[in-house]
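J.: Chains as they are written, first to last, in the working numbering: chain A, 30 to 407; chain B, 30 to 407; chain C, 45 to 369; chain D, 45 to 369. Structure incoming, see below.
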Amino acid sequence: MNLDLAPQYVAFRDECRQWLTDNHPGRIGSMDTAIGFEEHRAWEKVLFDAGWSVPAWPSVYGGCDCDLIEWLIYEEEYWLSGVPGRVSANGVSLLAPTIFNFGTQEQQDFFLPRMASGEHIWAQGWSEPEAGSDLAGIKTKAILDGDDFILNGQKTWCSRGAFADWIFCIVRTDPEAERHQGLTYLLVPAETPGMERRPIGRLDGEPGFAELFFDDARVSAEHVLGGVGQGWAVAMAAAGSERGLSLRSPGRFMAAAERLRALAANVTDLDPRLRDEVVDAWIKAQAYRWNTYQMAADLMEGDEIGPEASEGKVFWSELDLELHATALRLMGPMGEVAHAGNDWLDGYVFALSGPIYAGTNEIQRNIVAERVLGLPRR
Amino acid sequence: MNLDLAPQYVAFRDECRQWLTDNHPGRIGSMDTAIGFEEHRAWEKVLFDAGWSVPAWPSVYGGCDCDLIEWLIYEEEYWLSGVPGRVSANGVSLLAPTIFNFGTQEQQDFFLPRMASGEHIWAQGWSEPEAGSDLAGIKTKAILDGDDFILNGQKTWCSRGAFADWIFCIVRTDPEAERHQGLTYLLVPAETPGMERRPIGRLDGEPGFAELFFDDARVSAEHVLGGVGQGWAVAMAAAGSERGLSLRSPGRFMAAAERLRALAANVTDLDPRLRDEVVDAWIKAQAYRWNTYQMAADLMEGDEIGPEASEGKVFWSELDLELHATALRLMGPMGEVAHAGNDWLDGYVFALSGPIYAGTNEIQRNIVAERVLGLPRR
Amino acid sequence: MKFSFTDEQNMFRETVRELFADRCPPDAVRQSWDNDDGRVPGLWAALAEMGVLAVLAPEAAGGLGMNEVDLVRILEEAGYAGVPEPLVEHVAVAVPALAEAGHAALEAAIAGDSTITLNLSGEVIVGAAADAVVHRHGDTLQLVTEWQADEAASIDQSRRLGVLTDITAADPLDGADPDLAFDRAALGTAAQCIGVARRLLEATVEYVAERHQFGKPVGSYQAVKHHLANVKIALDFAAPLVYRAAWSVAHDDDPAARGRDVSMAKAQASEAVDLAARQALQCHGAIGYTFEYDLQLWLKRAWTLAAAHGDVRFHRDRVAAAIGI
Amino acid sequence: MKFSFTDEQNMFRETVRELFADRCPPDAVRQSWDNDDGRVPGLWAALAEMGVLAVLAPEAAGGLGMNEVDLVRILEEAGYAGVPEPLVEHVAVAVPALAEAGHAALEAAIAGDSTITLNLSGEVIVGAAADAVVHRHGDTLQLVTEWQADEAASIDQSRRLGVLTDITAADPLDGADPDLAFDRAALGTAAQCIGVARRLLEATVEYVAERHQFGKPVGSYQAVKHHLANVKIALDFAAPLVYRAAWSVAHDDDPAARGRDVSMAKAQASEAVDLAARQALQCHGAIGYTFEYDLQLWLKRAWTLAAAHGDVRFHRDRVAAAIGI
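Structure, rendered in structure tokens:
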């Protein structure tokens, strides 16, 4: 065990921090509005041009070959600096690991640099009205016709779906097959004729998602990722990423905990019960951090992330809710008021989705019980 | 709605309070020791002789025909006065309603007065090593032989079982029948030849339970309650009582909440978080009280207690734990120390069993979900 | 000692429930958000017609001469229906305060010709488009008739908020007790919380019985069952405290006992509605998280009402003081 | 930056684990309760033999010259095994304090010829049959060699308690830092809590996989699964804070940072072990509630250690002060 930062990590951290300070774009619009989306895309390009978009990727695709520790440091600095969030997150965190694992050389060369630069912003098209946490219930059909698949069906809860350039979907290419069989992972251009998208407002009315309707939409079979009929296995690998390290790095929660701490420090006559809640959330952000550094050490030794990723999903999603709910309580009667200084309210609404998406926390707890602890399935 | 106490209730309350003050026996031994058990039996007799043993029963059996409101008042006064607990509770609360419902005239005449006076102290013999919350798993066999049943098998977790005079059991009279069929409710004298009892220590070592071993033990068929093969239906009626009004009246928790309040009031520099916990528990005791008065009003209109009794079981058992855990926290490092002034530690150990016995709280929540809310069983 | 509502009280409640179901369905609530005044057209007049606005006004002044026990389940129904009007403020607090002060504004208030809201603890007023504000000024109440306020957008579109910046005309309300007014506001809000929680629970039970995942109804999973059982238990042990507090406000002359009972009610009702909202959203999953689906109406009401007129901590502190710790 | 234990550390831990499994099984713990001194015969000597008592003593003084990072998982194993000895007190606190003060009692302490316990925050000492007590006296530490104490019976039979009533002979321990001693005690207790929680979880997972009710394993019910998943999650997010705190105690020269890290560790370890005990008992049902069944050994350790050397509230307050709120 050595928790001192080696000099090259210190240098990396300082460089990262300095760059973020120097290039902070200030407050930009919400990525769930048309204008804000393009502002966020422009920010992605700024990051990319400076090499800070995808630091953990190989340099050939726009990264700088960071190791895991550097990536964790980068994430800590990124979120602490208060620069805008990443409109590219679906692509970079969820799709990219799958492309690295399963993509052809052509797919990697085409998609990865464009994803890194913000030219392609990706949305996820997995859920359907009847298939939420249970992906095996997917019904959207994709039937091969020459070199193309013809898609019919409906997707929903596509985050970033209203403005994204591409959507990574799971579709049913073998309508005879049941449950997990006959699914295929397919990359779909947003401008595909026959595909319509309709924004869905989240709780506060902002269009955080979209529904997609496929009516004989034609998508080239070149855009299959990982082989026809392999969709389940390919998707599960990405689900590991979604729940694991890459989607919710500790930096995000440490930054939120620090903002919460600062909020509390400015309250006069702070209620000792609220102080206690703030401290609890602050400690948990640290716990998430050190749990992650422990996992990073294992990964750097060659281990893989297994079902214990589900523990992290439960932990960060409930921590995120706790952080934001505590902040609103600290604000008292003004907590419910939406105004420019109250990012906590927006963050609270976002945090509420955490225990639901990427597999509900109920399902994650089942996974922890059955696959980590080994309890009998039935 | 009228929450004023009518003059006759005020008079009843005052009379009850005065009698308890005048006849308080002081501190007596634990009912889980041989000496303490007999001291408690003597206290039952004192209560009985004054008409305060079973006030809600008909006077012919030693009661004073109290209505439900009077009984609730009596319970509040009883527990608040700090007199000893009731060693007769298993009989009076769990068995007696069943005898009133299902007993023959002879059984009522024989058992009820002796239960009321403390001559018969009852233990419950339902659980078996393989049948805890799942009573359908009962295996103890009772085979008719002339006018007697011959019992073989084992019972466990019989509270008061070490010293009781009688045990009310559920046994399997039809070994061919499965699950809930073929069970019979049988009243067993403790001195039955062929029955052995072995005390089981609870967490703190006190013999709170007993195991019973039946080896060709012979019990008169006269002691069947409610008909051979009817045991399940008869027991379920009593399970309603156990979870419902009669076992855990609000008075018990109101008295504990009041003691907790007094404990907290004497702490200098009371931690505001602990104050908050005390208040929360105190409010919940009041909530339990008013929920009960609401139920009493319904019962007095002729309604019956249905599956919503399970809500009460969850509520009081978790409240009891909260009351005692909070008290121990208030005591700081001395909380773990067993001494004469620390009834809270003993009470905590007892409270820990609350969410387990009489059907675990997990099962109670299933009942609330399925039978109160109407959620699908599977 | 009889802890139950009379047939008349139950019937009144049923009538109001039907009125809300008819005149204030979710679509009407949504439409109110786009109205200038944030109101449901015709609803206020219908409530006046039915006597709801006059429950706490004495018969001599043209009211029903009833008390908080009669009112409490009506306000519960307002929560259940998600009524986007300052009903608690007007009916439970302003009307009796005007009556106690003998103020002439009472007549219009019970006739439904005016809407009066509150500013008892500062900062934010609800129903910013109201005609007057019952305002706490030191140890007295005033009826503010002219004022300036900055608009403030609540997460709950049904709450038109304003932050009071200036008062330019006000009448004293001598004879009206500000502490009683606060207790009435907290009691009424607690009742609304119970109604909101009931609606959230009902909607969720219905949804999880229908929605299937992994080949069976979501509601057949034990985790979901226990989430909702917990909500039911919280509700059933909070509601009696609210009814008991209504009795205290109506009949207990001791302000300390009244305040203690109201605070017990609001603390538990806030907790219950908070839990109900949390589990309703979790058990619905993504659909419950959308603007289009009606669950959001009650989710937002839950978040805001749990904190309005004193949150759990505030009311626990009042109980602590009342019981001497 | 590498947050993992070395192969040597893991091997040391494994060896100690085997020693405890061999020499301190549940039966030995139970027997210790009936001994005059409350000890497991031969265990202390075996620990000395293996060098466990000397981990924090410098090599120059005949110790292993290791640090808290080396020690932390050893103490976790002591919790896992339910060792009924004042091991944390002696190994994690007294030994380094004696070493720092250059006190002659060190030799016997690491040789296993003596047992030393603590009285850092007053009221209750653990291991009342010990030979000496490291005692906080204002801003200094003393080694108390003669004292009077009233015996006190803990709910946990493995904790021989005493309430100190008089000190009749004591040596100053100049050079030993009482704040550091407290942090070591809290860290060691946190490590024990982690071990106790692991044992409770393992025992419960094993039991619920075997025990059947209503025709299937208890562990197949979703409610039970979620109870135990919650314990696992609490554990896996508490343990890293304990290891991180061990590093801080060993390497961080800033007492404020050290105290903050230790307090984060103890707060979370206390919560984790508390939850583990609660769910272990609930998932076991009645059998877990008996004196005969071994679960009670760890249940009681959980209750007492969660509060020992600062409970959750105490440590959260320390973190609050350290982070400026």
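All C-beta atoms, glycine included, are put in the ideal place defined by N, C-alpha and C.
#1: Is the stretch 206-219 of chain C touching the stretch 67-78 of chain C, taking contact as three or more C-beta pairs under 8 Å?
#2: In chain order, which continuous runs of the alpha helix (DSSP H) of length 4 or greater are located wholly inside the stretch 119-147 of chain B?
#3: List the endpoints of the continuous alpha helix (DSSP H) containing D:Y287.
#4: Determine the chain A residues that contact B:P301 at a beta-carbon separation under 7 Å, and present them in chain order.
#5: Restricting to Cα atoms, I'd like to know which of A:G258, A:M60, A:M144, A:L404 is closest to A:L215.
#6: Using beta-carbon positions only, say whether D:D227 and D:R302 come within less than 8 Å of one another.
#7: Is the Cβ-Cβ distance between A:G80 and A:P142 less than 8 Å?
#8: Looking at the unbroken beta strand (DSSP E) that takes in A:I179, where does it start and where does it end?
#9: Can you list the residues of chain D that C:Q323 reaches, using a CB-CB cut of under 7 Å?
#10: How would you call B:G383, buried or exposed, if buried means at least 16 neighbouring beta carbons within 10 angstroms?
#11: Rounding to the nearest angstrom, what Cα-Cα distance links C:P140 and C:L319 in this structure?
#12: Which residues in chain A sit within 9 Å of C:S198, going by Cβ to Cβ distance?
#13: Could you have a look at A:A246 and say whether DSSP puts it in helix, strand or coil?
#14: Under 7 Å from any heavy atom of the ligand ZN, does the C-beta of D:I199 make it?
#15: How far does the beta strand (DSSP E) with D:C327 in it extend, from its first residue to its last?
#16: Does C:P216 pass the burial test, meaning 16 or more other C-beta atoms within 10 Å, or should it be called exposed?
#17: Along chain B, in chain order, which residues have C-beta atoms closer than 7 Å to that of C:P261?
#18: Pull up the distance between the alpha-carbon of C:I211 and that of A:L299, whole angstroms please.
#19: Just to confirm my understanding: we take A:E106, look at its own chain, exclude 5 residues before and 5 after, and list those with CB closer than 8 Å. What are they?
#20: Quick one: which chain D residues come within Cβ less than 7 Å of C:Q257?
#21: If I follow the unbroken alpha helix (DSSP H) through D:L87, where does it start and stop?
#22: Taking Cβ to Cβ, would you say C:G106 is nearer than 8 Å to C:I154?
#23: What is the DSSP secondary structure of A:G331, counted as helix, strand or coil?
#24: Taking 8 Å as the threshold, find out whether the stretch 312-327 of chain A comes into contact with the stretch 243-252 of chain D through three or more Cβ pairs.
#25: For C:T209, does the three-state DSSP call read helix, strand or coil?
#26: Assign A:M363 to one of three DSSP states: helix, strand, or coil.
#27: Are the Cβ atoms of D:K344 and D:A234 separated by less than 8 Å?
#28: Run through chain C and tell me which residues come within less than 7 Å of A:G234, C-beta to C-beta.
#29: Cutting at 7 Å between CB atoms, please list the residues of its own chain near D:A225, excluding the five before and the five after it.
#30: Could you pull out every residue in the same chain whose Cβ sits closer than 8 Å to the Cβ of B:I64, ignoring the five residues on either side in sequence?
#31: Is it the case that the Cβ atoms of D:Y333 and B:L359 are separated by a distance below 8 Å?
#32: Report all residues from its chain with a CB closer than 6 Å to the CB of A:V217; omit the five preceding and five following residues, and keep chain order.
#33: Comparing alpha-carbon positions, which option in B:T213, B:A239, B:A285 lies nearest B:L254?
#34: Under 9 Å, CB to CB, which of the residues in the stretch 186-200 of chain B have a partner in chain A?
#35: Less than 8 Å between CB atoms is the rule here; does B:W319 satisfy it with respect to chain C?
#36: In whole angstroms, what separates the C-alpha of B:A160 from that of D:V252?
T.: Walking through what the data contain:
#1: No, the stretch 206-219 of chain C is not in contact with the stretch 67-78 of chain C.
#2: DSSP runs (the alpha helix (DSSP H)) wholly in the stretch 119-147 of chain B: 125-131, 134-146.
#3: In the fourth sequence, counting from the first residue as 1, residue 287 of chain D sits at position 243. Judged by DSSP secondary structure, D:Y287 falls within the alpha helix (DSSP H) whose first and last residues are 266-295.
#4: Your numbering for residue 301 of chain B matches position 272 in the second sequence. The answer, in chain order, is P301, R302.
#5: Counted from its first residue, the first sequence places residue 215 of chain A at position 186. When only C-alpha atoms are compared, the closest one is A:G258.
#6: Here residue 227 of chain D refers to the residue found at position 183 of the fourth sequence. Here residue 302 of chain D refers to the residue found at position 258 of the fourth sequence. Against a cut-off of 8 Å, the Cβ pair of D:R302 and D:D227 comes out as a contact.
#7: Translated into the one-based positions of the first sequence, residue 80 of chain A becomes position 51. Translated into the one-based positions of the first sequence, residue 142 of chain A becomes position 113. It is not a contact, given that the beta carbons lie outside the stated cut-off.
#8: Locating residue 179 of chain A in the first sequence gives position 150, where the first residue counts as 1. Residues 177-188.
#9: The residue labelled residue 323 of chain C in the question sits at position 279 within the third sequence. Here the premise fails: no neighbours, minimum Cβ distance about 14 Å.
#10: Residue 383 of chain B sits at position 354 when you count from the first residue of the second sequence. Here B:G383 is buried. Its C-beta has 16 or more other C-beta atoms within 10 Å.
#11: Within the third sequence, the letter at position 96 stands for residue 140 of chain C. Within the third sequence, the letter at position 275 stands for residue 319 of chain C. Going by C-alpha positions, C:P140 is about 32 Å away from C:L319.
#12: Residue mapping note: residue 198 of chain C aligns to position 154 of the third sequence, counting from 1. Under the 9 Å cutoff, chain A gives E365, V366, A367.
#13: Position 217 of the first sequence, counting from 1, holds the residue named residue 246 of chain A. It is a strand residue.
#14: The model on display carries no ligand, and the ligand ZN is accordingly not part of it.
#15: Within the fourth sequence, the letter at position 283 stands for residue 327 of chain D. No beta strand (DSSP E) contains D:C327, which is instead part of the alpha helix (DSSP H) from 299-328.
#16: Sequence index remark: in the third sequence, residue 216 of chain C carries index 172 (1-based). Around the Cβ of C:P216, a 10 Å sphere holds fewer than 16 other Cβ atoms; the residue is exposed.
#17: Reading the third sequence from its first residue, position 217 is the one you call residue 261 of chain C. Against C:P261, the close residues of chain B are P405, in the order they occur along the chain (beta-carbon pairs closer than 7 Å).
#18: Translated into positions along the third sequence, residue 211 of chain C becomes position 167. Translated into positions along the first sequence, residue 299 of chain A becomes position 270. Cα to Cα, the separation comes out at about 30 Å.
#19: Reading the first sequence from its first residue, position 77 is the one you call residue 106 of chain A. If the five residues before and after A:E106 are omitted, its C-beta is found closer than 8 Å to the C-beta atoms of R42, C45, R46, L49, G280, all from its own chain and listed in chain order.
#20: Here residue 257 of chain C refers to the residue found at position 213 of the third sequence. Neighbours of C:Q257 on chain D: none; closest Cβ ~13 Å, over 7 Å.
#21: Position 43 of the fourth sequence, counted from the first residue, corresponds to residue 87 of chain D. Segment 87-94, the alpha helix (DSSP H) holding D:L87.
#22: Counting from one through the third sequence, the residue named residue 106 of chain C turns up at place 62. Counting from one through the third sequence, the residue named residue 154 of chain C turns up at place 110. Contact: yes.
#23: The residue you call residue 331 of chain A lines up with position 302 of the first sequence. In the structure shown, A:G331 falls within a coil segment according to DSSP collapsed to helix, strand and coil.
#24: These segments do not touch.
#25: If you number the third sequence from 1, residue 209 of chain C lands on position 165. DSSP places C:T209 in strand when its eight states are reduced to three.
#26: Within the first sequence, residue 363 of chain A is the residue found at index 334, counting from 1. Helix, per DSSP.
#27: The residue given as residue 344 of chain D occupies position 300 in the fourth sequence. The residue given as residue 234 of chain D occupies position 190 in the fourth sequence. Cβ atoms of D:K344 and D:A234: not closer than 8 Å.
#28: Here residue 234 of chain A refers to the residue found at position 205 when the first sequence is read from its first residue. Those are F335, listed as they occur along chain C.
#29: Taking the fourth sequence and counting its residues from 1, one reaches residue 225 of chain D at position 181. Only V137, A141, L164, V178, L185 meet the Cβ criterion.
#30: By one-based count along the second sequence, residue 64 of chain B stands at place 35. The residues G58, in chain order, have a CB closer than 8 Å to that of B:I64 in the same chain once the five nearest residues on each side in sequence are set aside.
#31: Reading the fourth sequence from its first residue, position 289 is the one you call residue 333 of chain D. Reading the second sequence from its first residue, position 330 is the one you call residue 359 of chain B. The answer is no: Cβ separation not under 8 Å.
#32: For this step, residue 217 of chain A is matched to residue 188 along the first sequence. Counting only Cβ-Cβ distances below 6 Å, and skipping sequence neighbours, we find I196, C198, V248.
#33: Indexing the second sequence from 1 puts residue 254 of chain B at position 225. Considering only B:T213, B:A239, B:A285, the residue with the shortest C-alpha distance to B:L254 is B:T213.
#34: Flagged: no residues at all.
#35: For this step, residue 319 of chain B is matched to residue 290 along the second sequence. At a cut-off of 8 Å, the C-beta of B:W319 has a neighbouring C-beta in chain C.
#36: Taking the second sequence and counting its residues from 1, one reaches residue 160 of chain B at position 131. Taking the fourth sequence and counting its residues from 1, one reaches residue 252 of chain D at position 208. The alpha-carbon atoms of B:A160 and D:V252 are separated by roughly 14 Å.
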